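Asker:
Numbering (this note's numbering), first residue to last: 27 to 549.
1. Is residue 273 helix, strand or coil by DSSP?
2. Quick check: the Cα distance between residue 258 and residue 111, rounded to an integer number of angstroms?
3. Should the stretch 428-436 be regarded as contacting the stretch 472-482, the criterion being three or more beta carbon pairs within less than 8 Å?
4. Exposed or buried, what is residue 404 when buried is set at 16 or more other beta-carbons lying within 10 Å of its beta-carbon?
5. Touch check for the stretch 282-289 and the stretch 216-235: three-plus C-beta pairs under 8 Å?
6. What do you get for residue 126, buried or exposed, if any count of 16 or more other CB atoms within 10 angstroms of its CB means buried?
7. Could you tell me whether the Cβ atoms of residue 234 and residue 203 are closer together than 8 Å?
8. With residue 171 as the anchor, note down where its alpha helix (DSSP H) starts and where it stops.
9. When you compare only the Cα positions, how much space is there between residue 549 and residue 447?
10. How long is the line joining the alpha carbons of residue 458 and residue 401, rounded to whole angstroms?
11. Count the other CB atoms within 10 Å of the CB of residue 378; is the residue buried (16 or more) or exposed (fewer)?
12. Within this structure, are the beta carbons of residue 241 and residue 323 separated by less than 8 Å?
13. Expressed to the nearest angstrom, what Euclidean distance is found between the alpha-carbon atoms of residue 519 and residue 436?
14. Indicate whether the contact test is met: 3 or more Cβ pairs, each with one atom in the stretch 173-180 and one in the stretch 457-474, closer than 8 Å.
15. For residue 312, name the three-state secondary structure that DSSP assigns.
16. What are the partner residues of residue 293, as DSSP defines its beta bridges?
17. Just to confirm the assignment: which complete beta strand (DSSP E) runs, minimum length 3, are found wholly within the stretch 59-88?
18. In three-state DSSP terms, what is residue 426?
19. Measuring straight from C-alpha to C-alpha, what distance separates residue 63 and residue 36?
20. Which residue spans inside the stretch 470-520 form an unbroken alpha helix (DSSP H) run of at least 4?
21. Taking the C-alpha atoms as reference points, what is the distance between residue 392 and residue 470?
22. Does the beta-carbon of residue 246 have 16 or more other beta-carbons within 10 angstroms, so that it is buried, or is it exposed?
23. Apart from the five residues on each side of it in sequence, which residues of its chain come closer than 7 Å, Cβ to Cβ, to residue 456?
24. Based on the DSSP secondary-structure assignment, which residues constitute the bridge partners of residue 354?
25. Starting from residue 389 and walking both ways along the beta strand (DSSP E), at which residues does that stretch end?
26. Can you name the start and end residues of the alpha helix (DSSP H) that residue 231 belongs to?
27. DSSP beta-bridge partners for residue 383?
28. Tell me residue 335's beta-bridge partners as DSSP assigns them.
29. Am I right that residue 65 and residue 58 are in contact with their C-beta atoms under 8 Å? What's the rounded C-beta distance?
30. Do the stretch 198-213 and the stretch 140-157 make contact, defined as three or more Cβ pairs closer than 8 Å?
31. Looking at C-beta atoms only, is the number of pairs between the stretch 306-317 and the stretch 154-169 that lie closer than 8 Å three or more?
32. From residue 441 to residue 408, what distance separates their C-alpha atoms?
33. Rounded to whole angstroms, how far is the Cβ of residue 500 from the Cβ of residue 510, which I believe are closer than 8 Å?
34. Please return the same chain residues whose Cβ sits closer than 6 Å to the Cβ of residue 27, not counting the five positions on each side in sequence.
35. What would DSSP say about residue 437, mapped onto helix, strand or coil?
36. Specify, as a first and last residue, the run of the alpha helix (DSSP H) that residue 192 falls within.
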C-alpha cells in the first residue's frame, strides 16, 4: 500500500489521507486518521532512529492487514495498543515486519479478542509465539508441558528465586496464549479449552510445590516423624518417616472447568503429626511451622507481582475456619472439621474437590474423607431447605441488579442453579449411589445422576446442554473483556427450563420420589 505509506507518514493532506484509508477498507477513516496522528506525534516521536524507521515500515503493513478484518477500526486500535507497548523494544517491531506470518497471526488474534491483544501488550515476549502457527494452534499435552517446564527450570540456579518466578510466568503466559488462540479461532470445543487450562495449572502447581519444598528443606531439612519411639531429636541413625503435603483444588480447578483469568481455589493439607514432629536439617522447625511456611511460599510464588506479572490469583478461604483458619491443615484436623463443624455449603464445595499436587498418599486419604463426608446420612428435607436458602442468599447478594439483564453465573436459571442441583443430588444420593463420587465436574455428574435413575435423562441432558451453552458464553465474553451478563432474552428457553427442573426437584413436595431418595426419613 503506497497510499497507506503516505497516509501514515503525514505527507498527504488530511483529506487525501482519509481517502486512502477509505480505499483500503476503513469505514471510519476520520477516526483512523486521528489515531495515526496521535501515534505519530506522541509515542512515535520519542523513539530512537532505528525504532522510528521500524515503526514507519510496520505501520503501512499493519494498516493494510487490519483493513481486511471484519471490524478494521477496532482491530487497529487493539493492535496499536500492543505496538505502543513494545515500540521502545523495536526488535518486536522488526519481528512483525520480517515475518509476514507472525504479522497475519497477530492481526487475526487482535481482531478475534481484546483479551488476547491486552495479554500480548502486557507480555510482549509472547510475540515470539506467533512465528509458528503449527505450534500456536496446537496446545501441548500434559506430558510435554511437564517436560518443557522441568527443562526450563533446570537451566536456572537452585537459589535464583527471581529467575524461577520469571520462567514459570513466561511458561504460563505462552501456553495460555496457545489455548486462547485455539479457542477464538474455533479450533477446539469449550470442554477441551477447560481441560487444557486445568492441565496447565496443575503442571504449574506441581512445579511450584517442588520449588518451594526444595528451598525450605535445603535450610530446615525434610519434615517427618522419627521411626524410633521416644527419640527426642532426629539424631544420627534415627529412621524417619517423611511427613507428606498435598494441594487440594476446589471450585473451577477442582471441577476441571478453568477459564482464562480464573482464580485457583486451594486447600493445603499435611500429615505431619507425630510423637516428635520437627524437620531434620541444620535449622530444625516444628512440622506445623514448616508446612505453614511451605503453603505461604507456594501462594507467594503464584501471586507475587514480577515484571512478567502474576501466575494466578489464589483463594484459600475454603480451608477449615475460612480466612481466620491456618494456611495449612493436618489431614486429621481437616477430617474432624468436615465431620463436626462444616456447614452444608462446605460439603457442597467438596463435590468439586480433588487432589492436584503433592503426596499421593495424602491425596488418597483426602478422597477417603471426601467419600465419608459426601456419603453421610442426611435428612433430605433439611438438606433441600439449606440448599434453597443458600442459593437464595447468593442470588440476593450476587445477582444482576439491572432489569432486562441476565447474569449467566448468578441469576435464577443460570450456572449456579445447575451447580446447586448437582451438589444437592450428590449429597442426597451418594450414600446409595457410589458412582456419584467418581467425578468432580458438573457435566459428568449430570450424566451419572441420569444413569443411576436420580434425574430423568431428558432433564439431565437439558441441564448439561444449558450448562455448556452458558459456559461457552462466559468464555466468549471473557475473551471480549465483557462481564458474564447478557440481554435476558438471549437464553430465555434455557433459563425457563433450568427453573422448571429446580422447582420440580427441590421445591415441589408432591414429587416425593424425585425430592427424597428414601421416600421419607433420612437418606
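The C-beta atom is built at its ideal place from N, Cα and C for all residues, glycine as well. These numbers come from a predicted model, not from an experiment.
Answerer: Based on what the coordinates show:
1. strand
2. Confidence at residue 258 is low in this model, with a pLDDT of 34, below 50, so the placement of that residue should be treated as unreliable; the coordinate-derived value is given next. Taking the straight line joining both Cα atoms gives about 59 Å.
3. no
4. buried
5. yes
6. exposed
7. no
8. 168-180
9. Confidence is the limiting factor: at residue 549 the pLDDT is only 40, short of 50, which leaves the residue's position unreliable and the question unanswerable from this model.
10. 8 Å
11. buried
12. yes
13. 17 Å
14. no
15. strand
16. 274
17. none
18. coil
19. 8 Å
20. 483-505
21. 21 Å
22. buried
23. 400, 401, 462, 463
24. 294
25. Premise fails: residue 389 lies in the alpha helix (DSSP H), 386-400, not in any beta strand (DSSP E).
26. 216-246
27. 273
28. 332
29. Rounded, the Cβ-Cβ distance is 11 Å, inconsistent with contact.
30. yes
31. no
32. 23 Å
33. 5 Å
34. Low local confidence applies: a pLDDT of 49 at residue 27 is under 50, so the model's placement there is unreliable, with the coordinate-based value given in what follows. Same-chain partners within the cutoff: 86, 90.
35. coil
36. 187-210
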